[in-house]
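Student: Here you go, one structure.
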Amino acid sequence: MTLLLFMAALLAVATLGAALIALFTSSTVVAVLSAGLVSLFASVMFLLLAAPDVAMTEAAIGSGLTTFLFFFVLGRIRREGTK
Amino acid sequence: MTAFPNFEWVQIAYALLTLFIVINYGMVMTAVVRKIGARVGGRYGIPVWQNYVDLLKNIALRSKISHGVMYYLGPVFRLTGGVGLLMFVPTIYGSEWHQNFSYAGDLILALYFVFFGTLGMALGAGESGHPHSAIGVSRGLAQVTMAELPLALGVYALSLQYGTLDITKIVAAQQGSIFNWTLFTNPLATVAAMVAFVGTMMRSPFDVAMAPQEIPIGPPTEYHSSYLALMQTNRVLFPVAKTVIYMNLFFGGATSWAEFAIKVFCLYMISVVIGVVHPRFRVEQSIRFFLKWGLPLGVLAILTV
Amino acid sequence: MNFTTRKAIPLVLLLLLGSVFYALFAGYTPDETLNRTASYYASQTVQETGAQNVVTAIIVTYRGLDTLGEVTVLFLTAAIVGLVLAHSKAPKSRSGSGFLPSGELLTTGTRMLVPVILLFGAYVFLNGHLTPGGGFQGGAIVASAILLMLLSDPAQRFSHRLISRIESSAGLTYVIIGLLGMLFAGGFLDNRILPLGSFGSILSAGVIPLIYALIGLKVGAEFSSILTSLEETEDAQ
Amino acid sequence: MSLVQLSLATGFLLILLGLYGALTNRDIIRMIVSFTIADTGVNVVLVAVGYLPGREAPILDTIPVAEAASRITDPVPQALVLTAIVIGLGVTALMLAYAYRLFRARGSLDISEFTELKW
Amino acid sequence: MVSPLLILAAGLGAAFLLGLLRDSSERMAFYLTVIALGFMSFVGLSWTVSLALGEAQPVEIYTAGARPPFAINLRMGLPEAALTSVVTLTGLLSAVFMRRDLMRLGRRAMAVLMVLIMALSGLIMTRDLFNLFVFIELIVIASAGLVLLSQDTRALGAGFKYLIVSQVISILLLVGVIFTYHANGSLNIDDIAATPMGFTGASLAIFLVLIALVLELKPFPANGWALDIYEAAHPGFSALFSAASGSAALFAVLKLFEAAGPDWAPLATGIGLVTFVGANILALAQDHDRRLLGYSSVGQIGLVLMVVGYGYDWDAGLYYVAGGLLISHAIAKAGLFWLSGLVKARKLSDWAALRQNPALVVAFATFIAMLTGLPPFPAFYAKWTLVHAMADYGDYPLIAIFLIAALIEAAVLFRWFGMAIKREAIRPLAYNLSHETVVLIAMTAGWALSFVWGAISGLDNLVTLVPLLFALLFLPLDILPARIKNVIAIAGLVLWFFLSKDGLDPLRLIFLTIMVLGGALLLLASFHAKGRRMGFYTPAMLMFAGMALLVTAETSFQFFAAWEFLTVGSYFLILRGHDSEPHALSYITFSLGGAFALLAGFAVASEGQFVIPLANLSEVAPEIAPYVFVLLAIGFLTKTAIMGLHIWLPGAHAEAETDVSPMVSGILLKAGLFGLFVLLMEMGRQELYGVDLTVLLVWLGAISAFIGAVLAAFQEDAKRLLAYSSISQMGYAVFGLALMNHLGWLLAMMFAINHFVYKSMLFLAVGGVKERTHTKLMYKMGGLITLMPYSFVSVLVGIIAMSGVPPLSGFGGRWIFYNAIMSTDLRLPMILIFMAGPVGFLYLFRLIHTIFLGQPKDELRKVKEAPFWIILPQMIFVAFLIAFAALPGMVLQRVDGYIGTLFGDRPLVWTGRIIDSQYGTWNPVAIWGVIIVVFVTVLLLLVWMNHNAQHVKQFNIVFSAERPFKPQTTHFAWNFFAPYRKAMGFLEMPVSTSFWTGVSNALHGTAEFSRKFYTGNGQTYAVQLMLFVVAVYLISMGASS
């Protein structure tokens, strides 16, 4: 049980750390990736909280698809912005 | 004819008699007053019949022009105002002959009818198109707004005092002793009213509307010949008629023509004397004067009744 | 607004909001037992819906209206993103995401992986009533196949029409099934218009697998639509 | 501190961090990123609130139906979170599409540039 | 009955079905959309009708075959059905309205629209908390999508700000929802109600839910984002956003507040009130039409929120009040947004383009009347009931704040309306038949609902009142020539007079005669108008309808409704004048302010009833009676333009049209006087803080009489002079009434009659002069007596009558006045009245002199007499004045007797034609006789002496020793009373004008200052939003501890 708690604490720290990076990094790409990481860590936490359905969804949608959405838009903006 | 109670044709004759007496009295009195003024000033002055001469001369003059209907009617209004005023006021207390048509109304009628002639005259003068007429009207009206105020307050005080608006009843209440006169029973009201009296007699210091000594100004500017004749008639009649009201209200009225003659003369002389010793006010000065003196007196009068 | 106030005011605000949250946090004690709603689900789900996965039963049946709304959200988003991007005349440029080079390996890998991924997606949403996962997760997996194809060949064009047809038919069928529930069972989206089948088998739980399959198709189509809309430029259409 | 409390705290902190980022970052894309973090935080809070310590996932493949009520955790919040995640994605996609259009309109992604409507 | 769920299913199904169509078949897609929306509307409407008629019972709709709280359920009751109908119908009409843009953007846009309507209906019907959240998110996303319909690129920014804010809201909402679930074990809204939490620890959760939902209502000041949407979005969408989304969100809030329990109600009340006040103040500074509409939307929703919080336990009453307000808001706002789609430019003044299409002007007026809660629209009933309920609870400050804010709102809207009527349009109106149809449908719906609300109100159904219908009849008749309409109008008035005169007491009969027959008489002057004279007869008849109903009103409600009718009608009339825009605005603002005072007064007086017979005013409990008295008196005194509340009058009366000025001056002012009559008759003397209020009235009347006269003397504009004179005359009347004795009342009655006659006459005469000279400045005229003799005669008679000089009827007034003041203890106010009398001469003489006497100007040498139809009524008035002066008894004797029954005395004795009082005598026939005889005699004398007088030319005068040749330098006219001004000019100091200007400036300043907080930055808006949340949190926590 304590191991579980320890893991959870570690996870929480990692999540928050990723969130802080996402907020304060100067690179948007890093920020998007960190936000995806936050989602990923969160989905692990969902597993710990006995919510496998949610974990799957968060991983697939929250961290996966969302991140790609960001990159697609960033890509378009970058392409058009550099001209 | 319920509107004319106890009407008999002879009443018209009585009224005409009153009118006749008053006009003649006015003719003579105003001439006498002028003569006194001249003598005091070391001049010889006019003869006492001078007014009759002027009147006849004016009637006889042949320059007869008109500026229009209203101009033509102006003097008619004016004289109607004077005559009517006299007709609505009982002249001699206790005399059946000289009650005139005072049953048509009361004090209020008299007070408001004063304006009838003024208004018509002003309108007639206005049509003449002469700016001096209009200037005179403007000044006169402006002044009268304040000059009438103490009178109104005085009358209000007095009618509260006597509990009636009927002139005859007011006079009746003052009979018996000289100390029954309003002058003594209600001196404040009397003084207030007298301020108004002086203010409306068109004499110095309140004569800026007419400015008789300088360039002609005032409503009569354009009037001449028979128009002027009517106005002259009114000029002797109207002050007397007005004085009669004051006499009735504040000085016990008159029970006989002699008393009438004396009282009217004395009252008239008040404004003359004041006029002789005071230089003329500008309009705003006189307004301020009435505000400063007339108004407080009047207020005191109605508050102390 | 200068720098400090621009950051300080939100900071103070969030501290205050944090205090609200803290009050919630401090006042929170986990339940010892399931509350009445949850215990109803725990005890009645199997009997009423025949689904093993209670979450699925709730999503598809008990709170089916939410889920219908949810797929509508995606439908809306897809439609709006399509609208937004279809009407922004992008300057002509080379297509592609621009920062992810597509190598030979990726292209080959894609060809092999796509059918597998699609199959896996279908598996996930068809087993939603039995195991973790379901229409949304499966739909996301299906969409990732499309994503992979986009990455490997940015110039690839997908039939918007096909996507839209899949999406719409699935949605329409979903609504019709819901209405059938009103006609033949206890209410809108009641899953018992089909037999509940034997507990734990794939063809059980009434209409739940069908709905989840529809959701999977629809969600997959919608995700794909959003992704392709964001990727493709106007001039290519 | 229990698992639930830990998760709750993490969730709340994520919300606050996300909101802070959204309120202070001027770059529109970064604002959207911040909102996704806040959304994740909300999801964590939702799931944590529904968690009963020591219980299992609400899937009755290994748990007998009769024991379900005493062994599974609350399934309702999980169902809600599933919906919330999908909705979150929808909103994020929409905001991104908007961001792109805004960028096209102005050539900039700075939120303070888009203030022509005011007062 | 079809299941209400079909509304949702149809919306969704059709949206999905659209995806199966080809991209190119927009037309088919559009028809599908319309059919689906039509079906949804049909379902909603059919439920509404059956529920309203009691043919159907409210139903719970269960889904998934399980009972709540285990599955989501919906409810369809009457409020749900009604709101669903509103939402779906707005959606349908907006779809038609947005046809072109929807076709341009294709089927996807239509699907988004459909989903929006579906979600709004769902939001209304659902009883599940999380389901609510889902629908809200759907609405947010769909709205963000539809914002893009706009061609305005700024909409993009607005939409994004909206999304930012929505994100914050949804975070708060979700956290709130989950903790509520945790506390209740259920997501069902009714379960939350069953286990009320109050302000316990778990209350934070419900607080978050409530505040999040309230934020959806765009509360002030956390609403900058919403305004940007209103400003930039497509008008068709803005209509939806305001009418449909606003209503649906409001209902959601209502559901939750009902569930959360009474402890939370003050929160809604407070936020609603702040929003209503704040939004309306901010709207004052707006010049952009759609943004203004945005503020107005915010304000209206705030108002309904306030009602929701205030009346959470009223059951049906709540739906009646809140529903009345909400439905008025929805229809009017949707209608206005749709209208804005027809107007091409965005300044308020650009709405002048509407004048190209009179039907649209009517629609515009209808919508504005609906918003401001004028009769007969639902919001009027709602406002009436609301204020009465507030009074019943004793929440007087709330009434005050509410009414002041409502007044500001009215000022904002009528300012706009004024601009539309008076300004010049830069760009023509867009021509679009379907847009117009949509607008007109909304207008029709507004009228239809007025009938419904009237029918369920339990009060009089105002739409069915014959006079009102008669006024409305002139809308379709407006295509006829003015003369035909005039005949109909006069016939109608006369007929109505004879229909309603029976059974009235003499006092009311006289007022009815002045107002209705007098109106018919004045309408004779309207025969001079040529062409069609569009838009004249409806307002005129509305005003007369109001007055006719006012006199015959028996209950407070009838009275107030009539009052509002005449106010509105006269406003439209006044607005027709040439330069009347600012004056009409000030008129309507003051009038509505006065009307609100009346409303408050009646409400306080009713003591828990919703309507009282006017006669019951006499039975008001003594401790509140003085306050009732003050409020009602303020209302009536505003109408009679007592000094201090008068500043609207000069402009309004002076700038009105020739035949309108006498109506609004001669007739309309009597409405206030009538009110005072009724008030004093029923309530008598009242004391407040030891002050006898009637004494206060005496003073006010005296001050008005005096200052009004002084100001009149200083005017250069003839009609303004007459207007100030009205203030003075009404002062006399108020004075007389307030004397509270028999003769005082008779005096007031006399003034009412006289003022009607001579003011109508003078306004007509001056108006006739103005028609010919094209100026109202008196010094530009002069010498018109020979050119316009009839006008001169009527002015002459008018001023003699007015100045009180015998023999005309004004003297009778003075005589009664003196008798009246003899029997009162008050002395000091008389001074002012005495001063006012002679001042009257000043302005009257000036009027006649500078216009008709003196030197005619060169450019006016050829003017003709005023038109026949303007002269005719004047001559009738002249005849009446003379007759009335000679035989006052024919009118006054019965009134005197009636007043005698009220006071139980008989101070006047009528013997034949003579009137005797305790103090004096008035013998009008004798006065006439003497004066005529003397006058004729003197005249004959003069004619005898001077029969051959020659008429000389204009400049045949000697002026400063030379012949003048220029009338300009010879006509003494400008600043006529310069000496008087020197002495008394200090009275001209515009004290009350500066006071009211100061109030207005302060409000505008506040508006200008506060709106700077709306920086336009989405982040700032989000910060403000959270600030709002935190502030409300702190306040409510503070309030509960």
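If you read the protein sequences in the order shown, they are chains A, B, C, D and E. Just so we're aligned: 71 in full-length UniProt numbering is position 71 of the first sequence, and the numbers increase by one with no gaps anywhere. Just so we're aligned: 297 in full-length UniProt numbering is position 297 of the second sequence, and the numbers increase by one with no gaps anywhere. Just so we're aligned: 131 in full-length UniProt numbering is position 131 of the third sequence, and the numbers increase by one with no gaps anywhere. Just so we're aligned: 109 in full-length UniProt numbering is position 109 of the fourth sequence, and the numbers increase by one with no gaps anywhere. Just so we're aligned: 91 in full-length UniProt numbering is position 91 of the fifth sequence, and the numbers increase by one with no gaps anywhere. Built from N, CA and C at the ideal position, the CB exists for glycine as well.
If you check the beta carbons only, do E/S170 and E/A212 fall under 9 Å apart?
Tutor: Contact flag set, yes.
Student: Considering just the uninterrupted stretch of the alpha helix (DSSP H) at A/M56, what are its terminal residues?
Tutor: It spans P52 to T57 - the alpha helix (DSSP H) in which A/M56 sits, taken as one unbroken run.
Student: With a 10 Å radius around its C-beta and 16 neighbouring C-beta atoms as the bar for buried, classify E/W974 as buried or exposed.
Tutor: It is exposed - the Cβ of E/W974 has fewer than 16 other Cβ atoms within 10 Å.
Student: Closest to E/V695 by CA distance: which of E/L668, E/D825 and E/V611 is it?
Tutor: The residue with the shortest Cα to Cα distance from E/V695 is E/D825.
Student: Buried or exposed for E/M1, please, with buried defined as at least 16 other CB atoms from any protein chain shown within 10 angstroms of its CB.
Tutor: Exposed, since its Cβ has fewer than 16 Cβ neighbours within 10 Å.
Student: With 9 Å set as the bound, which would you pick, yes or no: does the beta-carbon of D/A68 sit closer than that to a beta-carbon of chain A?
Tutor: Closer than 9 Å: no.
Student: Which residue from C/V60, C/P10 and C/R161 puts its Cα closest to that of E/L1027?
Tutor: Of the candidates C/V60, C/P10 and C/R161, the one whose C-alpha sits nearest the C-alpha of E/L1027 is C/P10.
Student: Assign E/P4 to buried or exposed, taking buried as 16 or more other Cβ atoms, counted over all protein chains shown, within 10 Å of its Cβ.
Tutor: Classification for E/P4: buried.
Student: Could you work out which residue in E/A641, E/S661, E/A718 and E/A352 is closest to E/Q729 when comparing CA atoms only?
Tutor: Nearest of E/A641, E/S661, E/A718 and E/A352 to E/Q729, Cα basis: E/A641.
Student: Quick one: using the 10 Å Cβ neighbour count with 16 as the cut-off for buried, is E/W815 buried or exposed?
Tutor: The residue is buried, with at least 16 neighbouring Cβ atoms inside 10 Å.
Student: State yes or no: is the C-beta of residue 316 of chain B within less than 9 Å of the C-beta of B/V305?
Tutor: Nothing about residue 316 of chain B can be read from this structure; chain B reaches only from 1 to 305.
Student: From E/R108 to A/V73, what distance separates their C-alpha atoms?
Tutor: Those two C-alpha atoms are separated by around 21 Å.
Student: Do you know offhand how far C/H215's Cα is from D/G90's?
Tutor: Residue identity check: residue 215 of chain C is Ile in the sequence provided, not His. In a straight line, the C-alpha of C/I215 is about 15 Å away from that of D/G90.
Student: State the Cα-Cα distance for the pair E/L679 and E/I401, rounded to the nearest angstrom.
Tutor: Roughly 25 Å separates the two Cα atoms.
Student: Determine, for D/I63, whether the minimum Cβ-Cβ distance to residues of chain A falls below 9 Å.
Tutor: With 9 Å as the cut-off, D/I63 does not count as an interface residue toward chain A.
Student: Mind checking which residues open and close the alpha helix (DSSP H) that includes E/D896?
Tutor: Here the alpha helix (DSSP H) through E/D896 covers G889 to F903.
Student: Taking B/G117 and B/G82 to be in contact with their CB atoms under 8 Å, please state how far apart those CB atoms are, rounded to whole angstroms.
Tutor: Their Cβ separation, rounded to whole angstroms, is 6 Å, which keeps B/G117 and B/G82 in contact under 8 Å.
Student: In whole angstroms, what separates the C-alpha of E/L617 from that of E/E682?
Tutor: About 6 Å.
Student: Just confirm the distance between the C-beta atoms of E/F756 and E/G518, as a whole number of angstroms; I'd bet it's less than 8 Å.
Tutor: Yes, E/F756 and E/G518 are in contact; Cβ-Cβ is about 6 Å, under 8 Å.
Student: Of all Cβ atoms in chain E, is any one closer than 9 Å to the Cβ of D/I87?
Tutor: So yes, D/I87 belongs to the interface.
Student: Mind checking whether A/A59 and D/T10 have CB atoms under 9 Å apart?
Tutor: Cβ atoms of A/A59 and D/T10: not closer than 9 Å.
Student: Can you tell me whether residue 1078 of chain E is buried or exposed? The criterion is at least 16 other CB atoms within 10 Å of its CB, across all chains shown.
Tutor: Since the displayed chain E opens at 1 and closes at 1041, residue 1078 of chain E lies outside it and no answer follows.
Student: Using a cut-off of 7 Å between C-beta atoms, extract the partners of A/V32 located in chain D.
Tutor: Ordered by position in chain D, the residues that pass the 7 Å Cβ test against A/V32 are V33.
Student: Compute the beta-carbon to beta-carbon distance between C/G135 and C/Y62, rounded to the nearest angstrom, for a pair I have assumed lies under 8 Å.
Tutor: Actually they do not touch by this definition, with Cβ atoms about 15 Å apart.
Student: Below 8 Å on C-beta distance, what does B/F251 contact in chain E?
Tutor: Neighbours of B/F251 on chain E: none; closest Cβ ~21 Å, over 8 Å.
Student: Confirm, please, whether the CB-CB distance from E/F955 to B/G129 is below 9 Å.
Tutor: Yes.
Student: Distance check for E/M543 and E/L585, CA to CA, integer angstroms please.
Tutor: Each residue's alpha carbon lies about 17 Å from the other.
Student: Got a sec: is the Cβ-Cβ distance from D/T24 to anything in chain C below 9 Å?
Tutor: Yes - at least one Cβ of chain C is within 9 Å of the one on D/T24.
Student: Can you give me, in chain order, the residues of the stretch 55-76 of chain A that have a beta carbon less than 9 Å from any beta carbon in chain C?
Tutor: So the list reads A55, M56, T57, A59, A60, I61, G64, L65, F68, L69, F71, F72, V73, L74, G75 and R76, given in the order they occur along the chain.
Student: Using DSSP bridges, identify the partner residues of E/F237.
Tutor: For E/F237, which the question treats as bridged, DSSP gives no partner whatsoever.
Student: Terminal residues of the continuous alpha helix (DSSP H) containing E/D289?
Tutor: Run containing E/D289: D289 to Y310, per the alpha helix (DSSP H) assignment.
Student: For C/G220, tell me which candidate among C/S19, C/L83, C/L119 and C/I193 has the shortest Cα-Cα distance.
Tutor: C/G220 has its Cα closest to that of C/L119, out of C/S19, C/L83, C/L119 and C/I193.
Student: With DSSP as the reference, identify every bridge partner of D/D27, one or two as the case may be.
Tutor: The partner list for D/D27 (beta bridge, DSSP) reads D/D110.
Student: Can you tell me whether E/R861 is buried or exposed? The criterion is at least 16 other CB atoms within 10 Å of its CB, across all chains shown.
Tutor: The residue is exposed, with fewer than 16 neighbouring Cβ atoms inside 10 Å.
Student: Please name the residue in E/V938, E/S809 and E/W869 whose C-alpha comes closest to that of E/W928.
Tutor: With distances taken between Cα atoms, E/W928 lies closest to E/S809.
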